[in-house]
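All residue numbers for the sequence shown refer to numbering that gives the first Met the number 0, where the first residue is 0 and numbers rise by one.
Notes for the one structure printed next.
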Amino acid sequence: MNNSFVFSAFAEPDEHRVKIMGLHRVNLKSSKRCICWFYKEANEPENIQTNGTIDLLTDHHGTTYGAMMITCDLNDNEVWHAVSVTPSIKHKPLNRMILHYPAKAVQRNFTLCLSVMHSRLGNVLKFVEAVEFDKVLGANHFIIHHLSSSQPMKILLNDYIKTGEVTLLNYNLPIGTKDVHYFGQIAAVNDCVYRSRGVSRYVFVVDIDEILIPYAFNDWMEMMDNLTSAEPKASSFSFRTTFFDTTMPDDTRRYRQKDLATRYKLTTLLKVWRENYIFERNVRCKVIGKPELIDVMAIHTVANQKRAHKLIPVNYTTALLHHYRLKNSSPTRIYNDKTRQYSSRVVDRVIKRVNSIPTPCIRV
């Protein structure tokens, strides 16, 4: 379609509809209606046409393009192979997208939806630290939309792909990066959520400079079992955030693994002074949710969820998101070394991963 770009499609059999992810020109006065064409086979002409609706998602920040989600009616119980979208019945479909159906068996507990990978995210060692720490806490799989990366990062990602821990999706933007806010991250995030339906119990939208530390539990699974038991109608849970200033000196007093943590530059274990401020609910929060109950995911909340379900805020004494960044807004600090209870496992995993990479791409 003119002024629109689509890249993935997901069936919702129980809702008799299909959701399509893409980008759409903002402030365009054209119709928000479209036609969806469904195909039985990859190259077969047989098809049906149904009505579709274009919804522009929020968070476009005044850019030319924003993330969109197209909803197509699908009133039969047939299994379709592919779908196309056109502005009207008069237009000829230009391409076909494979239609993804929800998996029939859960294969993992936690899938993490990471930020769009681009060349500025080039610190390979920090990536290893984040992924291995998340795995200690309960992460099973990572979905990454790949725009660009350095050669060392590609070597590392390929190593994770070989072990089945990372799904890397080509994310070739058809427009300039300045024409859409942060690489169209909302479209990528929702693609990740829908892609995880049926295969993962939970999805977690997070960046590689953030670690969710469960304060009242040993790991994420124990925490989520407790939270969902207390709130059976919850679609998702929101966790508050605090900043750890990475410009602060390393504090290694009484830290037995300080030599290894220092050698591998493990920020999460060396920076143990947080700002004396925890962001309020709905500000910089991050969400863990059940993918099949989320209609539209945002970066810091759930924009729309299945009816009769809700987003539950979690007390920061239960779990807190540690965000490690260059930040110095609070004049006072609070000592917080909760990450060090996982130190031995994190250090061991980081060393093992670094040593497993066939071509040296990390300097320590």
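Backbone N, C-alpha and C define an ideal beta-carbon position, used for all residues, glycine too.
Length of the line joining the Cα atoms of residue i and residue j
i           : j           : result
residue 266 : residue 163 : 26 Å
residue 193 : residue 38  : 21 Å
residue 153 : residue 330 : 39 Å
residue 282 : residue 275 : 16 Å
residue 139 : residue 110 : 6 Å
residue 45  : residue 96  : 15 Å
residue 308 : residue 199 : 18 Å
residue 52  : residue 30  : 9 Å
residue 249 : residue 123 : 20 Å
residue 245 : residue 47  : 56 Å
residue 357 : residue 14  : 46 Å
residue 343 : residue 335 : 17 Å
residue 241 : residue 6   : 35 Å
residue 69  : residue 219 : 33 Å
residue 161 : residue 264 : 25 Å
residue 11  : residue 81  : 14 Å
residue 106 : residue 312 : 27 Å
residue 262 : residue 32  : 57 Å
residue 316 : residue 257 : 27 Å
Buried versus exposed, by CB contacts within 10 Å (16 or more), residue i
i           : result
residue 229 : exposed
residue 269 : buried
residue 93  : exposed
residue 18  : buried
residue 352 : buried
residue 2   : exposed
residue 367 : What is shown of the chain runs 0 to 363, which leaves residue 367 out entirely.
residue 338 : buried
residue 156 : buried
residue 288 : buried
residue 41  : exposed
residue 209 : buried
residue 50  : exposed
residue 189 : buried
residue 325 : exposed
residue 104 : exposed
Contacts around residue i, its chain only, beta-carbon distance under 6 Å, and the 5 residues preceding and following it disregarded
i           : result
residue 206 : 114
residue 291 : 196
residue 117 : 146, 147
residue 273 : 241, 243, 333, 335
residue 101 : 196, 197
residue 259 : 346
residue 85  : 34, 92
residue 83  : 36, 92, 95
residue 320 : 209, 211, 238, 240, 285
8 Å CB neighbourhood of residue i in its chain, flanking five on each side removed
i           : result
residue 286 : 203, 204, 235, 236, 237, 238, 296, 299, 300, 301, 310
residue 174 : 4, 22, 63, 64
residue 131 : 345, 348, 349, 352
residue 341 : 132, 135, 136
residue 318 : 211, 212, 213, 214, 215, 216, 222, 238
residue 278 : 239, 240, 241, 284
residue 127 : 155, 349, 352, 353, 361
Secondary structure of residue i, DSSP reduced to three states
i           : result
residue 264 : coil
residue 437 : Here the chain has residues from 0 to 363 only, and residue 437 is not among them.
residue 20  : strand
residue 366 : Within the shown structure, residues of the chain are numbered from 0 to 363, placing residue 366 beyond reach of any answer.
residue 299 : coil
residue 338 : helix
residue 312 : strand
residue 288 : strand
residue 244 : strand
residue 197 : coil
residue 30  : coil
residue 319 : strand
Own chain, CB closer than 7 Å to residue i, minus 5 neighbours either side, in chain order
i           : result
residue 293 : 192, 234, 235, 301, 304
residue 55  : 23, 25, 65, 67
residue 225 : 216
residue 187 : 115, 144, 170
residue 79  : 37, 38, 39, 98
residue 16  : 70, 71, 72, 73
residue 227 : 233
residue 121 : 149, 152
residue 178 : 62, 63, 64
residue 176 : 182
Cβ of residue i within 9 Å of any chain B Cβ
i           : result
residue 128 : Included in the structure is just one protein chain, with no chain B present.
Are the stretch 69-80 and the stretch 162-180 in contact at 8 Å, needing three or more beta carbon pairs? no
Count the C-beta pairs between the stretch 178-187 and the stretch 75-92 that are closer than 8 Å, then say yes if the count reaches three, no if not. no
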